[in-house]
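Heads up: the sequence lines are chains A and B, in that order.
Under the numbering used here, the first residue of the first sequence is numbered 211, with each subsequent residue one higher.
Under the numbering used here, the first residue of the second sequence is numbered -3, with each subsequent residue one higher.
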Amino acid sequence: QKEVEQDPGPLSVPEGAIVSLNCTYSNSAFQYFMWYRQYSRKGPELLMYTYSSGNKEDGRFTAQVDKSSKYISLFIRDSQPSDSATYLCAMTDGIQGAQKLVFGQGTRLTINP
Amino acid sequence: KAGVTQTPRYLIKTRGQQVTLSCSPISGHRSVSWYQQTPGQGLQFLFEYFSETQRNKGNFPGRFSGRQFSNSRSEMNVSTLELGDSALYLCASSLARGATQYFGPGTRLTVL
């Protein structure tokens, strides 16, 4: 079993829809949680960064972390065709392995105009 | 400020050969990490360098190695290439250990 599980999709929704992306994890030492977006033939770019449990909002994006359930989510409101990409969750314990990000498999998202 | 640059962008090698990939971090960034991305395994951590020293290593065989120079530029080397080494190799830099990592575009390695 992988440390981080993410539904690979693909996920296809109409423009303007609310998108929900999720990851579960097994390592209770994880404290820092990230969402990256990766366009085809590009490297991942950081979207959201959250420490411990709680919510964080940035424009159309909201990240939620529930450490008690070992579950994190990314919500995209008013989705746009330009949001079509692969979304990767990543996490780290921030201690000895501070730089070692553990990634989910990635969810391929398509927003249809 | 320029982002992380990786060279070459594409590489084709045959089994048994060795390869060296290069990464130039964002100016001022001192930590460089390397990741391997494949369709089957996703993104996996290879190793991290800070102040020219390897600080952390993932679960990869000894054929995978790296180094960092005094200007923070980094190289990774894969010896005795296998078909399964075909992947996108990504480099990420950060200002310091534990800080946000910024990824380069990657080097796509194909092993024939």
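Glycine residues also receive a C-beta, built at the ideal position from the N, C-alpha and C atoms.
Whole-angstrom C-beta distance between residue j and residue i, which should lie under 8 Å
{"i": "R59(B)", "j": "S70(B)", "result": "That belief does not hold up - the Cβ atoms of R59(B) and S70(B) are roughly 17 Å apart, past 8 Å."}
{"i": "S222(A)", "j": "T320(A)", "result": "5 Å"}
{"i": "Q14(B)", "j": "Y45(B)", "result": "About 19 Å; that fails the 8 Å criterion."}
{"i": "R5(B)", "j": "A92(B)", "result": "R5(B) to A92(B), Cβ: 28 Å. No contact."}
{"i": "I282(A)", "j": "I228(A)", "result": "With a Cβ gap of about 17 Å, I282(A) and I228(A) do not count as contacting."}
{"i": "D268(A)", "j": "G226(A)", "result": "Contact flag wrong, Cβ pair sits at about 19 Å."}
{"i": "F271(A)", "j": "L257(A)", "result": "6 Å"}
Short Cβ contact (7 Å threshold) for residue i with residue j
{"i": "Y246(A)", "j": "L298(A)", "result": "yes"}
{"i": "S61(B)", "j": "V0(B)", "result": "no"}
{"i": "Q33(B)", "j": "L86(B)", "result": "yes"}
{"i": "T302(A)", "j": "Y249(A)", "result": "no"}
{"i": "G102(B)", "j": "L79(B)", "result": "no"}
{"i": "K277(A)", "j": "S292(A)", "result": "no"}
{"i": "Q37(B)", "j": "F43(B)", "result": "no"}
{"i": "R11(B)", "j": "L77(B)", "result": "yes"}
{"i": "M244(A)", "j": "A295(A)", "result": "no"}
{"i": "K280(A)", "j": "T317(A)", "result": "no"}
{"i": "E3(B)", "j": "N73(B)", "result": "At residue 3(B) the sequence reads Thr, which differs from the Glu that was named. Result no, Cβ atoms of T3(B) and N73(B) do not sit closer than 7 Å."}
{"i": "G304(A)", "j": "F99(B)", "result": "no"}
{"i": "N237(A)", "j": "E213(A)", "result": "yes"}
{"i": "N52(B)", "j": "Q309(A)", "result": "yes"}
{"i": "F41(B)", "j": "G24(B)", "result": "no"}
{"i": "P21(B)", "j": "V28(B)", "result": "yes"}
{"i": "P218(A)", "j": "Q315(A)", "result": "yes"}
Beta-bridge partners of residue i, as assigned by DSSP
{"i": "F313(A)", "result": "A300(A)"}
{"i": "T1(B)", "result": "S20(B)"}
{"i": "S283(A)", "result": "N232(A) and Q274(A)"}
{"i": "L91(B)", "result": "L91(B) pairs with nothing; no bridge assigned."}
{"i": "T260(A)", "result": "F243(A)"}
{"i": "G268(A)", "result": "The sequence as given places Asp at residue 268(A); Gly does not occur at that position. Its beta-bridge partners are F271(A)."}
{"i": "E255(A)", "result": "R247(A)"}
{"i": "K9(B)", "result": "V107(B)"}
{"i": "T320(A)", "result": "S222(A)"}
{"i": "L84(B)", "result": "Q33(B) and R104(B)"}
Any non-hydrogen atom of the ligand HEM within 6 Å of residue i CB
{"i": "V28(B)", "result": "As for the ligand HEM, it is missing from this structure, which has no ligand bound."}
What residues in the stretch 22 to 44 of chain B have a beta carbon less than 7 Å from any beta carbon of chain A?
S27, S29, G38, L39, F41 and E44
Enumerate, from N- to C-terminal direction, the unbroken beta strand (DSSP E) stretches of 3 or more residues contained entirely within the stretch 26 to 77 of chain B.
27 to 34, 38 to 46, 49 to 53, 60 to 64 and 70 to 74
Of all the beta strand (DSSP E) runs that stay within the bounds of the stretch 216 to 248 of chain A, which reach a length of 3 or more residues?
221 to 224, 229 to 235 and 242 to 248
Check distances from the C-beta atoms of the stretch 235 to 254 of chain A to those of chain B and list, in chain order, the residues that come in under 7 Å.
K252, G253 and P254
Residues of the stretch 257 to 284 of chain A with a CB closer than 8 Å to any CB of chain B: list them in chain order, please.
Y259
Between the stretch 61 to 72 of chain B and chain A, which residues of the former have a C-beta closer than 8 Å to a C-beta of the latter?
none
Chain A contacts from the stretch 89 to 103 of chain B (Cβ-Cβ distance under 8 Å)
Of all residues in the stretch 89 to 103 of chain B, S90, R93, G94, T96, Q97, Y98, F99, G100, P101 and G102 have a Cβ within less than 8 Å of some Cβ in chain A.
Under 7 Å, CB to CB, which of the residues in the stretch 213 to 229 of chain A have a partner in chain B?
none
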